[in-house]
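Everything below concerns the one structure shown next.
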Amino acid sequence: VLLMSRQKVKPMTMDQGFELIDAAVTKLKRILEGKPEPAFGSHEYIENYTIVYNMCTQKPPDDLSQQLYDKYGGIFEDYDKHTMLPSIMEKHDEYMLRELSRMWDINKIMVRWLSHFFFYLDRYFITRRSLPSLTEVGMTCFRDHVYNNVHFNVKQVIIALIHKEREGQQVDSALLKNILDLFVQSGKGSMERYEDDFEKFFLQETASYYSRRSSSWILEDSCPEYMIKSEESLKKEKERVTHYLHSTTEPKLVEVVQTRLLVLVAKQLLEKESSGCSALLRDDKIDDLSRMYRLYHEIPKGLEPVAKAFRLHVTSEGNGLIKQAEDAATSGSVEEQVLVRKIIDLHDKYMAYVTDCFQNHTLFHKALKEAFEIFCNKKVAGSSSAELLATFCDNLFKKAGNDKSNDDSTIESTIDNVVKLLDYISDKDLFAEFYRKKQARRLLFGRFNDEHERSILTKLKGQFGGQFTSKMEGMVTDMQLAKDQQTGFEEHIKNGNTGKPKGVDFTVNVLTTGFWPSYKTSDLNLPLEMVNCIESFKAYYETKTKHRRLMWIYSLGICHLNGRFDPKPIELIVSTYQAAVLCAFNNTERLTYQELFEQLNLSHEDLVRVLHSLSCAKYKFLKKEPASKTISKTDSFEFNSKFTDKMRRIKVPLPPVDDRKKVVEDVDKDRRYAIDASLVRIMKSRKVLPHQQLVSECVEQLSRMFKPDIKMIKKRIEDLISRDYLERDIENPNTFKYVA
1 VLLMSRQKVK
11 PMTMDQGFEL
21 IDAAVTKLKR
31 ILEGKPEPAF
41 GSHEYIENYT
51 IVYNMCTQKP
61 PDDLSQQLYD
71 KYGGIFEDYD
81 KHTMLPSIME
91 KHDEYMLREL
101 SRMWDINKIM
111 VRWLSHFFFY
121 LDRYFITRRS
131 LPSLTEVGMT
141 CFRDHVYNNV
151 HFNVKQVIIA
161 LIHKEREGQQ
171 VDSALLKNIL
181 DLFVQSGKGS
191 MERYEDDFEK
201 FFLQETASYY
211 SRRSSSWILE
221 DSCPEYMIKS
231 EESLKKEKER
241 VTHYLHSTTE
251 PKLVEVVQTR
261 LLVLVAKQLL
271 EKESSGCSAL
281 LRDDKIDDLS
291 RMYRLYHEIP
301 KGLEPVAKAF
311 RLHVTSEGNG
321 LIKQAEDAAT
331 SGSVEEQVLV
341 RKIIDLHDKY
351 MAYVTDCFQN
361 HTLFHKALKE
371 AFEIFCNKKV
381 AGSSSAELLA
391 TFCDNLFKKA
401 GNDKSNDDST
411 IESTIDNVVK
421 LLDYISDKDL
431 FAEFYRKKQA
441 RRLLFGRFND
451 EHERSILTKL
461 KGQFGGQFTS
471 KMEGMVTDMQ
481 LAKDQQTGFE
491 EHIKNGNTGK
501 PKGVDFTVNV
511 LTTGFWPSYK
521 TSDLNLPLEM
531 VNCIESFKAY
541 YETKTKHRRL
551 MWIYSLGICH
561 LNGRFDPKPI
571 ELIVSTYQAA
581 VLCAFNNTER
591 LTYQELFEQL
601 NLSHEDLVRV
611 LHSLSCAKYK
621 FLKKEPASKT
631 ISKTDSFEFN
641 SKFTDKMRRI
651 KVPLPPVDDR
661 KKVVEDVDKD
671 RRYAIDASLV
681 RIMKSRKVLP
691 HQQLVSECVE
701 QLSRMFKPDI
711 KMIKKRIEDL
721 ISRDYLERDI
731 ENPNTFKYVA
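This is the structure in structure tokens:
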């Protein structure tokens with residue numbers, strides 16, 4: 001029925017249709033402009049849609065789809081040109097923005113309503129012809145006829161308002177956001193219009209603004225004040241993005257502000273004489289240093305000058321401690337306890353800076369390491385840092401061994417710090433040798449705490465590897481085995497398996513040669529009582545093993561003697577050498593130096609030291625003729641029976657032998673072997689290598705334990721060539737080959 005009635009209806013002409021559409025558009029404009037006009041009813045909406053539908057569905061040549069599409073665009077073009085643009089152009093400053101915002105909102109509503117009226121075009125005609133959609137046409141018209149004519153002036157107003165806001169005045173953020181959304185949407189999916197018409201100019205103005213601010217602040221403010229203002233400025237600019245700028249502007253805006261406020265003045269700011277980075281470090285301004293890190297860590301390479309200032313400051317502080325120790329050193333004796341404690345405190349202080357102020361950034365860890373490596377490898381009054389650290393450990397453990405009231409947690413913390421400091425010392429092998437020498441004396445003379453000894457070895461092993469601590473661990477194990485062995489020996493004597501030395505308590509420590517430092521041996525002629533003790537232990541030891549040979553180190557022995565002096569008996573604690581000399585006077589009152597030398601079979605050097613300790617030092621158990629302060633080969637000695645002292649027990653010191661030179665020589669010898677092994681290892685795997693590369697690989701391999709001397713490496717290469725491990729290339733003498 002509907003179809004029949006439609007066939008009877010005459011086709012609607014273009015003029016008829018356009019007249020009806022114009023009436024609807026006029027009503028819509030009046031509503032949007034706020035003029036008195038009743039709202040569209042649903043029947044009106046259907047009527048307008050039906051007009052467009054009928055005009056589009058008429059059979060050719062009465063199909064008016066194209067004319068309607070053109071009409072739709074014409075409505076917007078006419079309204080934009082003759083109503084919207086003039087209304088905007090007659091306003092200025094913020095009022096222009098408000099009018100543009102209002103017109104932009106009207107345009108969006110108008111597009112939405114007219115798109116509903118002309119919806120049939122969108123569904124069929126536009127889709128089939130691949131034409132821009134109705135919404136797109138409405139937006140494009142606004143861009144072409146309104147936006148393109150006002151964006152320059154609008155941009156100027158926006159930038160002026162932002163400047164006002166930067167200077168502390170209030171602005172309408174919602175208005176700015178709406179206008180800047182127009183810049184974005186005018187790009188139809190691209191940010192090109194926003195960037196070219198607004199952002200580029202905005203960033204230029206921002207650069208100019210903060211250049212002026214920076215020039216003023218850098219002259220007026222201290223470094224902390226400048227940083228506070230810079231941080232606040234960056235914060236406000238980021239808030240600006242949140243409030244009305246597009247999110248893509250943030251990284252560019254932040255970079256501009258950082259460049260003007262921080263990068264271009266970095267040197268001037270950080271080196272301010274009384275408030276720059278060095279001054280902040282000197283005065284422990286933790287908050288300001290944290291702010292400096294926050295500001296500069298986001299800038300590429302921004303932290304490098306801060307890290308450099310940090311490194312130089314820590315180096316200066318460390319060098320100051322070394323100089324203090326040098327000045328305080330008396331006759332070559334360094335107060336290593338004071339120095340090492342101060343260096344540990346310095347490390348703790350600046351490590352806290354690295355973790356807290358500088359957020360554990362690798363650049364500052366590296367700076368701290370480099371600083372400590374500089375002053376931790378300096379000699380103090382002729383003593384190397386490796387020796388001083390070993391002596392520090394020795395005193396720490398001897399004190400802990402003697403004083404059971406020491407707090408274990410404090411000692412553990414100190415051990416941790418020692419291991420950290422050792423990491424900065426290049427001659428770790430020298431530390432190991434000095435430490436081992438001192439550890440040996442602690443262990444042998446019972447001045448140690450087993451728990452602490454094992455604790456530091458565990459930590460050293462974890463940090464530097466098993467090879468570093470293998471000998472030290474072997475020494476500790478030997479002491480445990482020696483305890484068990486002594487128990488076995490005492491059981492052996494108790495069971496009557498061997499003759500017990502009469503009136504003598506006898507303790508033996510059996511040491512493994514490879515673990516312990518090398519000690520000077522001598523064929524000392526012992527007193528008969530001691531010989532019996534030794535024979536007794538030998539007999540016991542042979543029952544335990546047939547494959548080991550005992551070599552007695554008398555220089556390390558300790559004896560407790562009863563000195564029967566006329567006033568009163570006194571117990572004397574002496575070395576085996578001293579005991580042998582004193583016991584020589586049991587059967588005679590007087591002996592010459594030469595007689596003692598022949599009877600005891602000691603070296604002149606050792607005999608002079610022992611006799612000096614017994615006749616020229618604090619306790620004069622022997623009377624010397626002539627009574628001088630030095631020992632000569634013509635002297636004679638007799639037992640001082642009149643000696644007395646208020647103490648009932650006296651420990652008689654023996655002048656120490658300075659073995660520093662020997663330790664250094666031993667380490668140098670070990671280094672030669674290490675370099676040889678490294679060179680052969682490298683060449684065995686590489687077969688052929690040029691000289692420079694071989695040397696650099698050798699240095700790299702060995703630098704964890706010590707810093708090899710290039711001259712020594714060259715000498716070792718020559719030595720390996722002479723021993724047929726390597727050979728020079730015939731054509732290129734600077735290239736070496738491995739000899740299989």
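For the sequence shown, UniProt numbering begins at 1 and goes up steadily by one.
Backbone N, C-alpha and C define an ideal beta-carbon position, used for all residues, glycine too.
Helix, strand or coil: how does DSSP classify residue i here?
i, result
"Glu335", "coil"
"Leu561", "strand"
"residue 819", "Absent from the structure is residue 819, since the part of the chain shown begins at 1 and ends at 740."
"Pro224", "helix"
"Glu727", "strand"
"Glu37", "coil"
"Thr13", "coil"
"Leu176", "helix"
"Lys687", "coil"
"Ser42", "helix"
"Ser641", "coil"
"Phe431", "helix"
"Arg704", "coil"
"Arg649", "strand"
"Val657", "coil"
"Ile425", "coil"
Leaving out five residues before and five after residue i in sequence, what residues of the same chain have Cβ atoms less than 8 Å from its Cβ?
i, result
"residue 741", "Nothing can be reported for residue 741: it is not among the residues displayed for the chain, which extend from 1 to 740."
"Glu304", "Leu363"
"Ile286", "Tyr353, Asp356 and Cys357"
"Leu457", "Thr469, Met472, Glu473 and Val476"
"Trp552", "Thr521 and Ile534"
"Tyr593", "Leu607, Leu611, Ile631, Ser632, Lys633, Thr634, Asp635, Ser636 and Phe637"
Can you check which of these residues, the options, is closest to residue i by C-alpha distance?
i, options, result
"Thr127", "Glu727, Tyr69 and Lys342", "Tyr69"
"Leu524", "Gly17, Tyr593 and Gln599", "Gln599"
"Phe639", "Glu589, Ser678, Lys661 and Thr630", "Glu589"
"Phe506", "Lys538, Asn48, Gly514 and Gln170", "Lys538"
"Pro708", "Ser696, Thr512 and Val419", "Ser696"
"Asp536", "Pro517, Arg548 and Ile493", "Looking at the sequence shown, residue 536 is not Asp but Ser. Among Pro517, Arg548 and Ile493, the Cα nearest to that of Ser536 belongs to Ile493."
"Gln486", "Ala432, Tyr244, Arg436 and Lys544", "Lys544"
"Arg704", "Ser426, Leu679, Asp676 and Met683", "Ser426"
"Ile573", "Ser413, Asp22, Arg648 and Leu339", "Arg648"
"Asp394", "Asn377, Ala432, Phe372 and Leu368", "Ala432"
"Thr644", "Lys662, Lys618 and Arg660", "Lys618"
"Lys714", "Lys164, Asp676 and Ile730", "Asp676"
"Lys236", "Ile218, Trp217, Gln258 and Leu396", "Gln258"
Leaving out five residues before and five after residue i in sequence, what residues of the same chain have Cβ atoms less than 6 Å from its Cβ?
i, result
"Lys342", "Leu321"
"Glu529", "Val504"
"Lys624", "Ser615, Asp635 and Phe637"
"Met4", "Any reading at Met4 must be qualified, since the residue scores a pLDDT of 40, below 50, and its modelled position is unreliable; the value itself is stated next. Around Met4: no qualifying Cβ."
"Asn107", "Phe142"
"Val1", "Because the pLDDT at Val1 is just 37, under 50, the model does not fix this residue reliably, and the value given afterwards should be weighed accordingly. For Val1, where only same-chain residues beyond five positions count, there are no Cβ hits under 6 Å."
Leaving out five residues before and five after residue i in sequence, what residues of the same chain have Cβ atoms less than 7 Å from its Cβ?
i, result
"Asp80", "Cys141, Phe142, His145 and Val146"
"Gln578", "Val610, Ser613, Leu614, Val652 and Leu654"
"Asp724", "Val739"
"Ser561", "At residue 561 the sequence reads Leu, which differs from the Ser that was named. For Leu561, where only same-chain residues beyond five positions count, the Cβ hits under 7 Å are Leu572, Val574, Ala579 and Leu582."
"Glu77", "Cys141 and His145"
Hey, does residue i have any beta-carbon neighbour from chain D nearer than 7 Å?
i, result
"Lys285", "The structure shown has no chain D; it contains just one protein chain."
_In chain order, what are the residue ranges of uninterrupted alpha helix (DSSP H) at least 4 long that sit wholly in the stretch 50-95?_
65-79 and 85-89
*Completely contained beta strand (DSSP E) runs for the stretch 582-628, where each covers 3 or more residues*: 590-592 and 622-625
*For the stretch 229-309, which segments carrying the alpha helix (DSSP H) assignment without a break, of at least 4 residues, lie completely within its bounds, in sequence order?*
249-258, 266-270, 277-282 and 286-297
*Which runs of the alpha helix (DSSP H), 4 residues or longer, sit entirely within the stretch 111-152?*
126-129 and 134-142
*Touching by the beta-carbon criterion (3+ pairs, under 8 Å), the stretch 74-89 and the stretch 49-63*: no
_To test your reading of the DSSP string, which unbroken alpha helix (DSSP H) runs of 4 or more residues are found completely within the stretch 471-546?_
528-544
*If you pair each beta-carbon of the stretch 174-182 with each one of the stretch 240-257, do three or more pairs fall below 8 Å?*
yes
*Touching or not, the stretch 508-519 and the stretch 563-573, by the rule of three or more beta carbon pairs under 8 Å?*
no
*Can at least three beta-carbon pairs, one atom from the stretch 408-428 and one from the stretch 436-447, be found at a separation below 8 Å?*
no
_Would you call the stretch 107-124 in contact with the stretch 168-175, where contact means no fewer than 3 C-beta pairs closer than 8 Å?_
no
*With a cut-off of 8 Å, do at least 3 Cβ pairs link the stretch 275-295 to the stretch 219-229?*
yes
*Decide yes or no for the touch test of the stretch 306-316 against the stretch 264-281: beta carbon pairs closer than 8 Å, at least 3 of them.*
yes
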